[in-house]
Amino acid sequence: MLLAMASSAPTIRLSSRSLIFSLCFLLPLLISTLCSNANANEHGDSGSAASICIVGSGIGGSSVAHFLRRYSPPNLDFTIRVFERNGVVGGRMATVNVSGQTFEAGGSVLHPRNLHAVNYTKLLNLTINAPSDSDSESSSGFAIWDGHKFVFKTLSFKSKLPFAQKIVSLANSLIMLLRYGFSLVRMERFIESAVNNFCKYYEVFETRPVFETVDEMLQWAGLYNLTKRTLAMELADAGVSPLLIQELVTVITRVNYGQSVSISGLAGAVSLAGSVRGLWSIKGGNWQMAAGLIDRSEVELHLHEEIESISSKGEYYELNSTQRNSYTCDVAVVATPLDELSVQFTPPISIPKRELQHTHATFVRGLINPVYFGLNSVAEIPELVGTIEDPDLPFSSISVLEQHNENDFTYKIFSRKPMADATLDSIFSVQTETIRINWGAYPHYTAPEVFAPFILDGQHLYYVNAFENAASTMETSAVAAENVARLILSRFFTSGPISLANLSSSSDGGVRHVDL
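Each position in the sequence shown, counted from 1, maps to that position plus 1326 in the numbering used here.
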């Protein structure tokens, strides 16, 4: 049958001139097709799915991945790669193991009005460490140390009786009121005003635009002016007394940002908001938010892979890692501070130079020597000792993480410089375990602040951590990441069937507020 069909087929004869003409016509078309296919393969996709690369797996990078998936329609096809130079995700959200017990070593507490963190916790079915009861907080003991004596000290009383805790709490409130007066109320009003403005970032898309710069993002929320003056100036204008600023406010900024009241007003307001009652954390470690978001976002995760260069190739980006691997993607997102990294950009990018404030966290299992503080017994030592601004003081704060028995505690020390062994020996009478961690924790804030752009090259190279010059917390990173995700969807997927204005920005699961 095959032979019969072949013999009955019409005969086609081509002259040599016709053959040469056909080859000359078809060869360029064939080469073009092959190059197009090679290009598609080189970009790491099949020609239809866009690719997005995210450098950094902390709360910023994981939030970008989460919001990209959440805000995009089901028929929008794209892949996400996340690169992490360490062996675990979480970035500056990390835990430390001290004698078999786990404690937060990085980002430790969340504000009750941190809506994204609240939503992540619900979405990922994480368990929260219940916020400390206000009465027990006020009766646990707090003092301010000037290097020679306690300039302020609350009453410390431990009891499981609610009535006794209430009495001590009221007594401590009266002690603080007598020392600082109604400046406490003015400070709370200042904090509340800043928090209310920040909460505008949770509004629905119909009233909340996408921001291409940090400046316009802050101006829209009414927070921009706070970045132009110091916290001390802002509080003075708010009627807060110099004594309160020099003592209590200074202690808070030293604990939360390792810096003085010379930080910008917005960073200072965020720092003060981190001292209110009702603060919470996630049982087992806040890093679980990043891990859960990455797991849910259909991400290709590359651990132990540090990106050392990002090059624009016109229509796409090439990322090269220290593992000698090369990746291409249509969109590149930097979700880690560039200040102490040696990532090479081609062409070069331009961002304002800034320094990171290093915070040294030292964890000690042992017992404080009461003589160091001029006391007679360990029981007299407050659970939190803060310090005034003095360059000669070796630490910013010492706090009790857990009491195991009367002579066995786990402590956490914050300092601007590494704690010398001799200093630790003078503070502690017993040390059974000591762990030191050096964090490049947050920017060194100076007013007026200047900001790097969210879009680093005018194309599709984005920088989540540009917002950190305004304030640096887990929640501010999530807010910046959400804005970057919206930028990507609105700028890159312009031909796709997507309309950000029609998306609901209510929380995951449809509940905007959760009582903690």
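Glycine residues also receive a C-beta, built at the ideal position from the N, C-alpha and C atoms.
Bear in mind the structure is a predicted one, so any value in this text is a computation, not a measurement.
Beta-carbon separation (whole angstroms), residue i vs residue j, contact threshold 8 Å
| i | j | result |
| --- | --- | --- |
| H1786 | F1819 | 11 Å between Cβ atoms; not a contact. |
| N1695 | S1652 | That belief does not hold up - the Cβ atoms of N1695 and S1652 are roughly 56 Å apart, past 8 Å. |
| I1378 | V1659 | 7 Å |
| I1380 | R1407 | 7 Å |
| F1478 | I1470 | 4 Å |
| V1424 | I1763 | Not quite, the Cβ-Cβ distance comes to about 11 Å (not below 8 Å), so this is no contact. |
| A1564 | R1512 | 5 Å |
| L1494 | F1793 | The amino acid at residue 1494 is misidentified as Leu; the sequence shows Val. Rounded, the Cβ-Cβ distance is 40 Å, inconsistent with contact. |
| E1315 | S1647 | In this structure the chain extends from 1327 to 1842, so residue 1315 is not present and cannot be described. |
Endpoints, the alpha helix (DSSP H) within which residue i is located
| i | result |
| --- | --- |
| P1488 | P1488 to Y1506 |
| G1516 | Gly is not the amino acid found at residue 1516; the sequence shown has Phe there. Looking at the DSSP string, the run of the alpha helix (DSSP H) that includes F1516 is S1509 to F1524. |
| R1395 | I1385 to Y1397 |
| H1442 | L1441 to L1449 |
| G1618 | W1613 to R1622 |
| W1546 | V1540 to A1547 |
| N1582 | T1576 to Y1583 |
| S1597 | G1591 to A1599 |
| A1558 | L1557 to D1563 |
| L1452 | Note, L1452: premise wrong, no alpha helix (DSSP H); not H, not E. |
| L1750 | D1747 to I1753 |
Buried or exposed by the 16-neighbour rule on C-beta atoms within 10 Å, applied to residue i
| i | result |
| --- | --- |
| L1843 | Here the chain has residues from 1327 to 1842 only, and residue 1843 is not among them. |
| T1509 | First, the residue type needs correcting, since residue 1509 is Ser and not Thr in the sequence shown. Burial call: buried. |
| A1520 | buried |
| Q1503 | Residue 1503 is actually Leu in this sequence, not Gln. So L1503 counts as exposed. |
| R1650 | exposed |
| S1567 | buried |
| S1362 | With a pLDDT of 38 at S1362, under the threshold of 50, the modelled position of that residue is not reliable, and no figure is offered here. |
| I1357 | Reliability fails at I1357, whose pLDDT of 38 lies under 50, so the model's placement of it is uncertain and the value that follows must be treated cautiously. Per the 10 Å Cβ criterion, exposed. |
| Q1491 | buried |
| L1487 | exposed |
| V1415 | buried |
| D1747 | exposed |
| Q1585 | buried |
| P1779 | buried |
| T1556 | buried |
| S1383 | buried |
Neighbourhood of residue i by C-beta, 7 Å cutoff - its chain only, sequence neighbours within 5 removed
| i | result |
| --- | --- |
| D1302 | The requested residue 1302 does not occur in the structure, where the chain is confined to residues 1327 to 1842. |
| A1811 | V1390, F1393, L1394 and Y1397 |
| L1349 | Residue placement at L1349 cannot be trusted, given a pLDDT of 34 that sits under 50; the coordinates are not used to answer. |
| E1706 | P1696 |
| N1367 | Here N1367 scores only 38 on pLDDT, less than 50, and its place in the model should not be relied on; the value that follows carries that caveat. Closer than 7 Å at Cβ, skipping near neighbours: no residue. |
| E1430 | T1421, S1607, G1611 and N1612 |
| L1544 | Y1550, T1553 and A1796 |
| N1702 | P1696 |
| D1783 | S1638 and I1675 |
Cut-off 6 Å between Cβ atoms - residues of its own chain near residue i, not counting five sequence neighbours on either side
| i | result |
| --- | --- |
| H1628 | F1409 |
| V1790 | G1386, A1661, A1806, A1807 and V1810 |
| L1619 | S1388 and H1392 |
| A1456 | none |
| Y1528 | L1441 |
| P1744 | H1686 |
| A1615 | A quick correction: the sequence has Met, not Ala, at residue 1615. Excluding residues within five positions, the ones whose Cβ falls inside 6 Å are Y1446. |
| E1542 | none |
| H1770 | E1681 and Q1683 |
Spatial neighbours of residue i in its chain, beta-carbon cut-off 8 Å, leaving aside the 5 residues before and after
| i | result |
| --- | --- |
| G1548 | N1523 and K1526 |
| N1733 | L1693, V1704 and V1756 |
| I1517 | A1595, L1598, A1599 and V1602 |
| Y1698 | S1752 and I1753 |
| E1843 | An answer regarding residue 1843 cannot be provided, because it is not within the stretch 1327 to 1842 covered by the chain. |
N-terminal and C-terminal residue of the beta strand (DSSP E) that residue i is part of
| i | result |
| --- | --- |
| K1738 | D1734 to S1741 |
| Y1642 | No beta strand (DSSP E) holds Y1642; DSSP gives it neither H nor E. |
| F1689 | L1682 to I1694 |
| P1627 | Note that residue 1627 is Leu in the sequence shown, not Pro. Its beta strand (DSSP E) spans residues V1625 to H1628. |
| A1417 | Here residue 1417 turns out to be Gly, not Ala, going by the sequence shown. No beta strand (DSSP E) holds G1417; DSSP gives it neither H nor E. |
| I1470 | F1468 to W1471 |
| E1801 | Where E1801 is concerned, there is no enclosing beta strand (DSSP E), although the alpha helix (DSSP H) it sits in stretches over M1800 to R1817. |
| K1484 | No beta strand (DSSP E) contains K1484, which DSSP labels as neither H nor E. |
| A1658 | V1657 to V1660 |
| L1710 | L1710 to T1713 |
| F1429 | Q1427 to E1430 |
beta-carbon residue i near the ligand MN non-hydrogen atom, thresh 7 Å
| i | result |
| --- | --- |
| F1818 | As for the ligand MN, it is missing from this structure, which has no ligand bound. |
Inset, instruction - Count the CB pairs spanning the stretch 1517-1530 and the stretch 1591-1601 that are closer than 8 Å, and state whether there are at least three. - result: yes
Legend entry - the stretch 1705-1712 touching the stretch 1723-1735, judged by at least three CB pairs closer than 8 Å: yes
Legend entry - Meets three-Cβ-pair contact criterion under 8 Å: the stretch 1794-1813 and the stretch 1686-1694: no
Legend entry - the stretch 1416-1429 in contact with the stretch 1601-1612 per 3-pair CB rule at 8 Å: yes
Inset, instruction - Report yes or no: do the stretch 1535-1548 and the stretch 1575-1584 share at least 3 C-beta pairs separated by less than 8 Å? - result: no
Inset, instruction - Evaluate the contact criterion for the stretch 1671-1684 versus the stretch 1439-1446: three or more CB pairs, one atom per stretch, below 8 Å. - result: no
Legend entry - the stretch 1585-1592 / the stretch 1548-1562 touching (three or more Cβ pairs under 8 Å): yes
Inset, instruction - Determine contact between the stretch 1625-1645 and the stretch 1662-1678, defined as no fewer than three beta-carbon pairs at a distance below 8 Å. - result: yes
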